[in-house]
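A.B. asks: Counting along the sequence shown from 1, when you hit position 371 you're at 398 in this note's numbering, and nothing is skipped either side. Don't be surprised by glycine CBs; every beta carbon is placed ideally from N, CA and C. Would you mind keeping the following structure in view while I ask a few things?
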Amino acid sequence: MALQEHNYWLTTADFPKIETWPLPDRVDVAVIGAGFTGLSAARTLAQRGAKVAVFESETVGWGASSRNGGMVLTGMKLGVNQVISKYGRDLTRRMYAASLATVDCVEQLVREEAIDCDFSRCGHLEVACKQKHFDGYARQVEVIAREFNHRLRVVQRNDLSAEIGSNIYYGGMVDEVSAGLNPARYVAGLGRAATKAGAEIFEHTRVEDMQRESREGEAGWKITTSRGPLWAGEVFVATSGYTSKATPGLQKKLIPIGSFIVTTEVLPEKLAHELSPRNRMIYDSKNYLYYYRLTPDRRMLFGGRAAFFPETDQTIRRSAEILRRGMIDVYPQLRDAKIDYVWGGTLDFAFDIMPHAGQLDGMYYAVGYAGHGVAMATYQGQKIAELIAGDKPDNPFVGIPFPGAPLGLYNGRPWFLPFAGMWYKLLDWVS
Ligand SMILES: Cc1cc2nc3c(=O)[nH]c(=O)nc-3n(C[C@H](O)[C@H](O)[C@H](O)COP(=O)(O)OP(=O)(O)OC[C@H]3O[C@@H](n4cnc5c(N)ncnc54)[C@H](O)[C@@H]3O)c2cc1C
28 MALQEHNYWL TTADFPKIET WPLPDRVDVA VIGAGFTGLS AARTLAQRGA
78 KVAVFESETV GWGASSRNGG MVLTGMKLGV NQVISKYGRD LTRRMYAASL
128 ATVDCVEQLV REEAIDCDFS RCGHLEVACK QKHFDGYARQ VEVIAREFNH
178 RLRVVQRNDL SAEIGSNIYY GGMVDEVSAG LNPARYVAGL GRAATKAGAE
228 IFEHTRVEDM QRESREGEAG WKITTSRGPL WAGEVFVATS GYTSKATPGL
278 QKKLIPIGSF IVTTEVLPEK LAHELSPRNR MIYDSKNYLY YYRLTPDRRM
328 LFGGRAAFFP ETDQTIRRSA EILRRGMIDV YPQLRDAKID YVWGGTLDFA
378 FDIMPHAGQL DGMYYAVGYA GHGVAMATYQ GQKIAELIAG DKPDNPFVGI
428 PFPGAPLGLY NGRPWFLPFA GMWYKLLDWV S
C-alpha cells in the first residue's frame, strides 16, 4: 500500500451520523468543541437534565481526540518534583490522585457506555535516553510511593528486554495503572453517549463570537455561529489546541503545538511481540520526545514532535521521513517495514505546562493537557460539567494561577515555535 497522508485510526471507527437540525433559540449550556472534553461534559450535563448543545466547526472528534496515540496516562507532563515545588505537597497530592482518577474515569465511561475501543490496562513504560535520566527514575519512584502512595517500578538496563525490543535505552520505569485505547473509536462512542443522554451536537457549526446578554432577567450569552445566533445560559469552551479568536482571552494563554504520527504496515506476530512484549504505551525521557505503541491490529504507531508547527500538508509530509528515521533508531528491526499512514494534530500547552480549568471572562473552560489529554480531558469535561450543574466537585486544577506569556508578548500566534523547537533540542543535548 502506498503511504497515505491520513489518520489510520479513522479507518477503524464508525462515527455517529449526526442530523443537521435547525439551531435552537436557547439552551442551558453551549459547549464549544466535540472532542473528549466537550463530549464528556455534554454527556454529564445532559444526564443531569440540562438542555445542552455542542458546537463543532468540523465533525465529531475531528480535533486531537481522534488523532492521538491513545495512551491513557497517569501523572502529569511536568515532573512531580517540579509540581511539588510550585504548588506544595498537599495540592500536588490532590493533583496526582486526580491523575490516577482520570484513568478510572475513562474505564468507567467505556464500561457504562459499552464503547468498543480496545481499552486495556496495559501500563506505560518510560525509557531513559541518558544515564542521568535513568538515575532520576529511582528518586521519582521513591517520591511517588512516599507522597502519593502509588507504586511505579524501575527496570534496570539488563532487564529491559522483557519490556522493549530495543537496546538504545539506559533503563525504564513502568506504571501498570496506565491504559491504552483506540481514540477514534472512543471519541465516536463518546459522541453517541452524549447524544443518547440528550445532548444535541451541531457539526459544521463554528462559534464565531460570544457576548454577554441577559434574557428575561437571566444572565447569559448571545452566541454567534456560522449557522446563525442563539442564546445560552452558560458556555463551556473545550477547544484545546484549536482555540481561536472566538475566545481571545483563552487563546493568549495557550500554545498550539503540532504532533505527528506514522504507522507501519501490519507486523508479523513474532516481530510485534519482540518490539513490545508487554504491549505497553511507551515514551522516552527527552523533551523533544518519541511516543510509540502497537495498535490492536499489530502496527507500530510511532509519534513525536517532528515539527513544532501545527499540521499542514508540508509538516505532515516532512514528519513521515523524520519519524521513520527515529523509529529505526529505536527499532532497527523495522528498517524494511513499510509506513502505511502519516498524520498530524495539534495539542495545547499552557505556558506553565499544567492543565487548567475553571472560569475565564465568565466562560467555563478546561485546557492545557500538554499531551496527557486522553484521560485528563475526559475527566475535566465531567468535573466542569458537575460544577456548571451546581455541584462542588474536588478539582485541584481549578483556581491555580493560569499564567500568560512572559511580558505578555503573545497574541495567540505562536511566532516563537521554531525557537522553542530549537530550545528543546538544545536542552535534550545538554541535559
Ligand atoms: C498527534 C497527537 C498525539 C497525542 N497523543 C496523546 C496520547 O497518546 N495520550 C494523551 O493523553 N494525549 C495525547 N494527545 C493529546 C490529546 O489528544 C488531547 O489533549 C485531547 O484530545 C484534547 O481533547 P479536547 O476535546 O480538549 O480537544 P480536541 O479533541 O482538539 O477538540 C477540540 C475541538 O474544538 C473544535 N473547535 C475549535 N474552535 C471551535 C469553534 N470556534 N467553534 C466550534 N468548534 C471549534 C475543533 O474543531 C476540535 O474538534 C495527543 C495529541 C496529538 C495531536
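Starting from Pro210, trace the beta strand (DSSP E) both ways and give me its first and last residue.
C.D. replies: Here Pro210 belongs to no beta strand (DSSP E); instead the alpha helix (DSSP H) covers 210-224.
A.B. asks: Assign Lys44 to buried or exposed, taking buried as 16 or more other Cβ atoms, counted over all protein chains shown, within 10 Å of its Cβ.
C.D. replies: exposed
A.B. asks: Kindly list the residues whose CB is nearer than 6 Å to the CB of Tyr123, restricted to its own chain and excluding five residues on each side of it in sequence; keep chain order.
C.D. replies: Excluding residues within five positions, the ones whose Cβ falls inside 6 Å are Phe175.
A.B. asks: Taking just the CA atoms, how far does Tyr368 sit from Glu296?
C.D. replies: So the alpha carbons of these two residues sit roughly 20 Å apart.
A.B. asks: Looking at C-beta atoms only, is the number of pairs between the region 61-77 and the region 340-348 that lie closer than 8 Å three or more?
C.D. replies: no
A.B. asks: Comparing alpha-carbon positions, which option in Ala172, Met98, Ala125 lies nearest Glu153?
C.D. replies: Met98
A.B. asks: Does the beta-carbon of Phe429, which I'm using as the reference point, lie nearer than 8 Å to any heavy atom of ligand 1?
C.D. replies: Not one heavy atom of ligand 1 sits closer than 8 Å to the Cβ of Phe429.
A.B. asks: Say yes only if the C-beta of Trp36 is nearer than 8 Å to one or more non-hydrogen atoms of ligand 1, and no if none qualify.
C.D. replies: No, the Cβ of Trp36 stays beyond 8 Å of every heavy atom of ligand 1.
A.B. asks: Could you please give me the residues that DSSP links to Pro256 through a beta bridge?
C.D. replies: Thr251
A.B. asks: If you scan the region 294-376 from start to end, which runs of the alpha helix (DSSP H) of 4 or more residues do you find wholly inside it?
C.D. replies: 296-302, 340-357
A.B. asks: Between His399 and ligand 1, is there a pair consisting of the residue's CB and a ligand heavy atom that are separated by less than 8 Å?
C.D. replies: yes
A.B. asks: Going by other Cβ atoms of all chains shown within 10 Å of its Cβ, with 16 needed for buried, is Lys419 buried or exposed?
C.D. replies: exposed
A.B. asks: Residue ranges of each beta strand (DSSP E) run of no fewer than 3 residues wholly in the region 76-145, ordered along the chain?
C.D. replies: 79-82
A.B. asks: Should Gly244 be labelled buried (16 or more other beta-carbon atoms within 10 Å of its own) or exposed?
C.D. replies: When all chains shown are included, Gly244 counts as exposed.
A.B. asks: Could you pull out every residue in the same chain whose Cβ sits closer than 6 Å to the Cβ of Glu84, ignoring the five residues on either side in sequence?
C.D. replies: Before going further, note that residue 84 is Ser rather than Glu in the sequence given. If we look at Ser84 and ignore the five residues flanking it on each side, its Cβ neighbours are Arg233.
A.B. asks: Just curious, the alpha helix (DSSP H) that Phe63 is in, first and last residue?
C.D. replies: That run of the alpha helix (DSSP H) goes 63-74.
A.B. asks: According to DSSP, is Ala206 part of a helix, a strand, or is it coil?
C.D. replies: When DSSP states are grouped into helix, strand and coil, Ala206 belongs to the strand group.
A.B. asks: Please list, in chain order, all residues of the same chain as Gln238 whose beta carbon is under 6 Å from its beta carbon, the five residues on each side excluded.
C.D. replies: Lys249
A.B. asks: Gly276 and Leu387 - do their beta-carbons sit closer together than 9 Å?
C.D. replies: yes
A.B. asks: Can you tell which of Ala80, Ala61, Ala40 has its C-alpha closest to the C-alpha of Leu469?
C.D. replies: What the structure shows of the chain is the stretch from 28 to 458, and residue 469 is not part of that stretch, so it cannot be assessed.
A.B. asks: Apply the 10 Å Cβ neighbour rule to Arg138 and answer buried if 16 or more other Cβ atoms are within range, or exposed otherwise.
C.D. replies: Classification of Arg138: exposed, given that the 10 Å Cβ count is below 16.
A.B. asks: Is the Cβ-Cβ distance between Leu50 and Phe229 less than 9 Å?
C.D. replies: yes
A.B. asks: Start and end of the alpha helix (DSSP H) containing Leu152?
C.D. replies: Unbroken run through Leu152 is the beta strand (DSSP E), 151-154; no alpha helix (DSSP H).
A.B. asks: Could you have a look at Met403 and say whether DSSP puts it in helix, strand or coil?
C.D. replies: helix
A.B. asks: Using a Cβ-Cβ cut-off of 6 Å (strictly less than) and excluding sequence neighbours within five positions of Tyr396, which residues of its own chain qualify?
C.D. replies: Listed in chain order, the non-local C-beta contacts of Tyr396 below 6 Å within the same chain comprise Pro382, Met403, Ala404, local neighbours out to five positions each way being set aside.
A.B. asks: Roughly how many angstroms lie between the CA atoms of Phe42 and Val204, to the nearest whole one?
C.D. replies: Between Phe42 and Val204, the C-alpha separation is close to 29 Å.
A.B. asks: Per the DSSP calculation, Thr39 is bridged to which residue(s)?
C.D. replies: Bridge partners of Thr39: none, in fact.
A.B. asks: Given this structure, state the Cα-to-Cα distance separating Asp311 from Thr252, to the nearest angstrom.
C.D. replies: 42 Å
A.B. asks: Can you give the Cα-Cα distance for Gly225 and Gly398, rounded to whole angstroms?
C.D. replies: 30 Å
A.B. asks: Just the Cα atoms here: how many angstroms apart are Leu187 and His160?
C.D. replies: Spanning the alpha carbons of Leu187 and His160 requires a straight line of approximately 15 Å.
A.B. asks: Let me confirm a value: Ala189 is counted as buried when at least 16 other C-beta atoms fall within 10 Å, else exposed. Which label applies?
C.D. replies: Exposed, since its Cβ has fewer than 16 Cβ neighbours within 10 Å.
A.B. asks: For Ile282 versus Gly371, is the C-beta spacing smaller than 9 Å?
C.D. replies: no
A.B. asks: Assign Lys223 to buried or exposed, taking buried as 16 or more other Cβ atoms, counted over all protein chains shown, within 10 Å of its Cβ.
C.D. replies: exposed
A.B. asks: For the beta strand (DSSP E) holding Val54, just list the boundary residues, first then last.
C.D. replies: In the DSSP annotation of this structure, the continuous segment of the beta strand (DSSP E) that includes Val54 starts and ends at 53-59.
A.B. asks: Can you check which of these residues, Arg120, Arg121, Cys149, is closest to Glu134 by C-alpha distance?
C.D. replies: Cys149
A.B. asks: In chain order, what residues of the same chain have a beta carbon less than 7 Å from the beta carbon of Lys104, not counting five sequence neighbours either side?
C.D. replies: Ile380, Ala397, Gly398, His399
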